[in-house]
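With the sequence shown counted from 1, adding 88 to any position gets you the working numbering.
Here a beta-carbon is modelled for each residue, glycine too, at the ideal position from N, C-alpha and C.
Since the structure is predicted, the reported quantities are computational estimates derived from the model, not experimental observations.
Structure record follows, encoded as structure tokens.
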Amino acid sequence: MMKSLQEDTMITVRRLTPDQLEDYLDFFDHRAFSDGSPFYPCYCSAFNMSRERIQQEFFRQAEINGGGNDGWKKALRDSAVHMVKNGEIQGYLAYEDDLAVGWCNANDRLNYCRVGEFDLSAVPPDESCDNCQCRGQVKSVVCFEIAPEYRGKGIATLLLETVCRDALSEGYMYMEAYPATDEGLQGLAFTGPKRLYEKAGFKVTAQKGGILVMRKQLDRIIAACGNDCSACPRYVVHPYEKTDGELRYTAELWMKIGYRDHLVTNEEISCTGCKPENRCRYHVVRCCKEKGISSCAQCELYPCDNMKKCFEVTKSFEPDCRRACTEEEYNQLKKAFFEKELNLKKL
């Protein structure tokens, strides 16, 4: 996602991958705590680590490294390198041009050993999640860090919008956050302030000591035929706007998997939702409109021969998509197009 925050400031948000390790380290080494923050050094890894692992990889390794600030920093940094490479640390970096200036730690709730604010000098016990039954249900946001000179410009809001959008496209049901009831440790609110989440539609659902649990239900947009528009890489209606680069990528993907025989324009690949006049071999929206319903699931004839054919043809595309796509590309297309019947059954 890209957004102009001021006339001369263009910020882009990119999901953290192992390829961005150097950007991640550069941000935490040189900009995240350049105001003399008491949390330096930190590489935002402890949320994912058991207390035993923290003792081993941080405290004991720091002693092996020679102790002191240098030994401590090396222990934290080396651990973060390993965790980014292995995909344990997940989240998003905000960039001005190619310079990382902000970070949001966001991951499946069950990948965290603890949430909310804590100090490494007194690591709380590992905790189980009492309001999340399985992976893929709750996406949690546990930390923000914005370079001091970039604070107050809406970067945290942009990061949170991106996390919520992607979580919905990945099939998550809820977003969850854990701000402090006050301004947090030393007034720095590194888990994000309550007002940030309220603005994004989060509601307080519980309080654990000085930590609030705030949750937002993610509403999927299911088309008349069962497609999940909120997961579709072509769908551009707010808040699912796509950058020019994202649309170009989708156009290239459509050609790669055989949905198009040439590279189409961004305007052609983008979609604002199904309409009766749209090209559709099954005329689903037109049929629903004529019957005064919004979805095939509401039709007394469902599944009719037309929809059975739709399901059959859609499934025939799936093997080619699996072969041509990366795992991430395939999973997105699966949620968007290959779960039609499942989505309609849930309506």
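Task: Inter-residue spacing [alpha-carbon to alpha-carbon] between Ser133 and Gly380 - done: The alpha-carbon atoms of Ser133 and Gly380 are separated by roughly 52 Å.
- [ ] Can you grab the Cα-Cα spacing for the pair Asp123 / Leu208, in whole Å?
- [x] 20 Å
Open item on the list: In the DSSP assignment, the beta strand (DSSP E) including Asp196 goes from what residue to what residue?
Closed with: Leu187 to Asp196
- [ ] Using alpha carbons as the reference points, say which of Cys376, Gly242, Thr250 and Thr353 lies closest to Lys227.
- [x] It is Thr250.
Task: Assigned exposure category for Arg119 - 16 Cβ within 10 Å defines buried - done: The residue in question, Arg119, is buried, as its Cβ has 16 or more Cβ neighbours within 10 Å.
Task: Where Asp270 falls, given that 16 or more other Cβ within 10 Å makes a residue buried - done: So Asp270 ends up on the exposed side.
Task: Expected contact under 8 Å - CB spacing of Leu246 and Ala182 to nearest Å - done: Yes, they are in contact, since the Cβ atoms of Leu246 and Ala182 sit about 7 Å apart, within 8 Å.
Open item on the list: By alpha-carbon positions, which one of Asn136, Tyr418 and Pro391 ends up nearest to Glu215?
Closed with: Asn136
Task: 3 or more residues per run - each beta strand (DSSP E) lying fully within the segment 131-202 - done: Within the segment 131-202, the complete beta strand (DSSP E) runs of at least 3 residues are 179-184 and 187-196.
Open item on the list: Against chain C, with Cβ distances strictly below 7 Å, would Ala385 count as a contact?
Closed with: Considering every chain present, this structure includes no chain C. It has just one protein chain.
Open item on the list: Please classify Glu145 as buried or exposed, where buried requires at least 16 other C-beta atoms within 10 Å of its C-beta.
Closed with: Taking a 10 Å sphere around the C-beta of Glu145, we find 16 or more other C-beta atoms and assign the residue as buried.
TODO: Compare the beta carbon distance of Ile243 and Glu184 with 7 Å and say whether it is the shorter of the two.
DONE: no
Task: Burial state of Glu264, where buried means 16 or more other Cβ atoms lie within 10 Å - done: Taking all protein chains in view, the Cβ of Glu264 is crowded by 16 or more other Cβ atoms within 10 Å, so the residue is classified as buried.
Open item on the list: In the DSSP output, which residue or residues are listed as bridge partners for Asp316?
Closed with: DSSP lists Ile310 as the bridge partner or partners of Asp316.
TODO: Report the option in Glu429, Glu140, Glu205 and Leu351 whose CA atom is closest to the CA atom of Gly298.
DONE: Glu205
TODO: With DSSP as the reference, label Leu300 as helix, strand or coil.
DONE: strand
- [ ] May I ask you to report which of helix, strand or coil DSSP gives Arg410?
- [x] helix
Task: Coil, strand or helix - Ser92 by DSSP - done: Bear in mind that a pLDDT of 49 at Ser92, under 50, signals an unreliable position, so the number given afterwards is only what the model happens to contain. Here Ser92 sits in strand by DSSP.
- [ ] Enumerate in chain order the residues of its own chain whose CB-to-CB distance from Lys304 is below 6 Å, with the five nearest sequence positions on each side excluded.
- [x] Met263, Gly289 and Phe290
Task: Length of the line joining the Cα atoms of Thr293 and Val372 - done: 39 Å
Open item on the list: Can you list, in chain order, the residues of its chain with a C-beta nearer than 7 Å to that of Gln386? Leave out the 5 residues immediately preceding and following it.
Closed with: Cβ neighbours of Gln386 beyond the five flanking positions: none.
Task: Coarse secondary structure for Gln305, derived from DSSP in three states - done: strand
Task: Other residues of its chain near Tyr390: CB distance less than 7 Å, five sequence neighbours each side excluded - done: Cys384
Open item on the list: Between the alpha carbons of Arg411 and Tyr337, how many angstroms are there, rounded?
Closed with: 18 Å
Task: Contact set for Lys423: own chain, Cβ-Cβ below 6 Å, skip 5 residues either direction - done: Cβ contact annotation for Lys423 (same chain, cutoff 6 Å, sequence separation greater than five): Gly259, Asp316 and Ala319, in chain order.
Open item on the list: Starting from Glu515, trace the beta strand (DSSP E) in both directions and tell me its first and last residue.
Closed with: In the structure displayed, the chain extends from 89 to 435; residue 515 sits before or after that span and is not available.
Task: C-alpha distance - Asn174 paired with Pro106, whole-angstrom precision - done: 8 Å
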